[in-house]
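Report on the structure given below.
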Ligand code: ADP
Ligand code: GLC
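Residue numbers (the working numbering): 63 to 548.
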């Protein structure tokens, strides 16, 4: 089976969050199951240089305002990638994947991701290059318009199957209706039962409306988004398609995240050789200017600093974390107020709180290896990968009981500890006080060395790889194709 992934980011080529990790790992996990999966993504600066064996597939003249080229190549890990090289859309000397240097969206994001979606549809229809997929797997709003282009294609009847995976419903790709013509969409696309969303045009709604099947990245989030509280305005539409919506928990790439074999980690360790983790903790404390003390619990955060992640609650709970004597390291970037809040905390508590503002892949690995616990007080969390890395590294997740966090962490309550099944700490409701209590519970658990190490070993033995999820995606692909051929 041939599957085209359409994704705006892909590890290790371009990444702002977990979407990249999924797009970079799932195709590789599908390969042994007989799936030829290739990832179509934008040719951001520096991406082509990371690929080997690049060849030109086709010219894409006049692609949304300029000439472009489709290039094929492979990553070192063997991932097959199709890059849209379109300097007018993707070559920018400053800013990020979605935001300009002033921190606001690039003004032409509709054209940038419209083009990604348009090329996705063209490849799907077999009109570009010689390789055409049986199925197109769309990821988030940036790929949503592919479903619209296929829906309105002159040969729509022979279009391949489509699956949209919603990684985050908070990002809906909303643009003024006047952008429709520049996106080469017919006027009926903007009907209420099309992609119109409260007077705007929504890329995500196009994907939800016209993909054969929908999935999201955990069973709990799949249920949550059907409710008005968590559905972010899409719950009505999603309820109509509830029987076609599946929740599949993400895996992690064992070749990238393995404490026994991680080039970023100074001292490799396993669940049997847990003592070696202490050397990584000491090295991390030293690197960040924290007091080097084995007996002090070290909490960590590696995150986008946004409302979703609930880190304002951690700022509020910080006095109680500090009062326990514990340490905290924060690596993140995003909301300036949150950045300032954590910087202020590190100034107020030198040697006890350390803040690194920025995006640093290598440091994120050193933190997972060196910290004792990883905190995720998310208000909502479709899946979350950071807590899965925490499990793998014996860095116990302290998480809000929402979405994928609820599905992947077993709270260290009395019964779970007695039965030896606990893997972390959960709290609810998602407020500062319950978070502070969870942190205090974690410190208590940390001080009980036997119970802590037992929990670490249990966490590290959890199967968090991609095998199970890859099998589920394959079944879903097969169902879509079987349904199409009826
Ligand atoms: P989300 O996709 O919502 O940001 P996930 O937990 O699914 O959340 O994935 C986050 C990914 O991004 C993880 O791989 C995490 O290590 C990484 N990450 C987040 N912030 C940073 C940062 N500042 N530096 C390095 N890696 C980061
Ligand atoms: C999104 C979600 C996160 C999820 C990731 C990958 O960014 O916020 O919870 O893990 O996508 O699916």
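Virtual Cβ for every residue (Gly too), placed ideally from N, Cα, C.
Assigned secondary structure, residue i (DSSP; H/G/I helix, E/B strand, else coil)
i           : result
residue 101 : strand
residue 294 : coil
residue 343 : helix
residue 120 : strand
residue 537 : helix
residue 75  : coil
residue 522 : helix
residue 504 : helix
residue 236 : strand
residue 530 : helix
residue 167 : strand
residue 314 : coil
residue 349 : helix
residue 254 : coil
residue 547 : coil
residue 355 : coil
residue 270 : helix
residue 287 : coil
residue 360 : strand
residue 435 : strand
residue 391 : strand
residue 516 : helix
residue 140 : coil
residue 303 : coil
residue 145 : strand
residue 249 : helix
residue 509 : helix
residue 174 : helix
residue 231 : coil
residue 162 : coil
residue 125 : coil
residue 367 : strand
Bounding residues of the beta strand (DSSP E) (the contiguous stretch that carries residue i)
i           : result
residue 132 : 130 to 136
residue 459 : 458 to 462
residue 228 : 223 to 228
residue 152 : Per DSSP, residue 152 belongs to no beta strand (DSSP E); it is in the alpha helix (DSSP H), 149 to 152.
residue 39  : Residue 39 is absent from the structure shown; the chain starts at 63 and stops at 548.
residue 309 : 307 to 309
residue 479 : Careful: residue 479 lies outside any beta strand (DSSP E), inside the alpha helix (DSSP H) at 476 to 481.
residue 275 : 275 to 278
residue 263 : 262 to 264
Cβ neighbour criterion (16 or more within 10 Å) applied to residue i
i           : result
residue 348 : exposed
residue 354 : exposed
residue 280 : buried
residue 396 : buried
residue 153 : exposed
residue 339 : buried
residue 523 : exposed
residue 219 : exposed
residue 114 : exposed
residue 198 : buried
residue 166 : exposed
residue 290 : exposed
residue 430 : buried
residue 248 : exposed
residue 305 : exposed
residue 324 : buried
Nearest-angstrom beta carbon gap, residue j and residue i [assumed within contact, 8 Å]
i           : j           : result
residue 207 : residue 268 : 5 Å
residue 209 : residue 260 : Not confirmed; about 20 Å, so no contact.
residue 367 : residue 373 : 6 Å
residue 186 : residue 212 : 6 Å
residue 530 : residue 504 : Not a contact, Cβ separation roughly 28 Å.
residue 315 : residue 87  : 4 Å
residue 68  : residue 102 : 5 Å
residue 296 : residue 501 : At roughly 33 Å, the Cβ-Cβ gap does not stay under 8 Å, so residue 296 and residue 501 are not in contact.
residue 458 : residue 518 : 7 Å
residue 442 : residue 463 : Not quite, the Cβ-Cβ distance comes to about 11 Å (not below 8 Å), so this is no contact.
Opening and closing residue of the alpha helix (DSSP H) in which residue i lies
i           : result
residue 408 : 398 to 410
residue 492 : Where residue 492 is concerned, there is no enclosing alpha helix (DSSP H), given that its DSSP letter is neither H nor E.
residue 452 : 448 to 454
residue 470 : 465 to 470
residue 427 : 423 to 432
residue 419 : No alpha helix (DSSP H) holds residue 419; the beta strand (DSSP E) holding it covers 415 to 419.
residue 379 : 373 to 385
residue 473 : No alpha helix (DSSP H) contains residue 473, which DSSP labels as neither H nor E.
residue 109 : Neither: residue 109 is in no alpha helix (DSSP H) and is coded neither H nor E.
residue 328 : Segment: none, residue 328 is in no alpha helix (DSSP H) and carries neither H nor E.
residue 89  : 80 to 92
Review point. At what residue ranges does the segment 187 to 225 contain a whole run of the beta strand (DSSP E), taking only runs of 3 or more?
Key: 197 to 201
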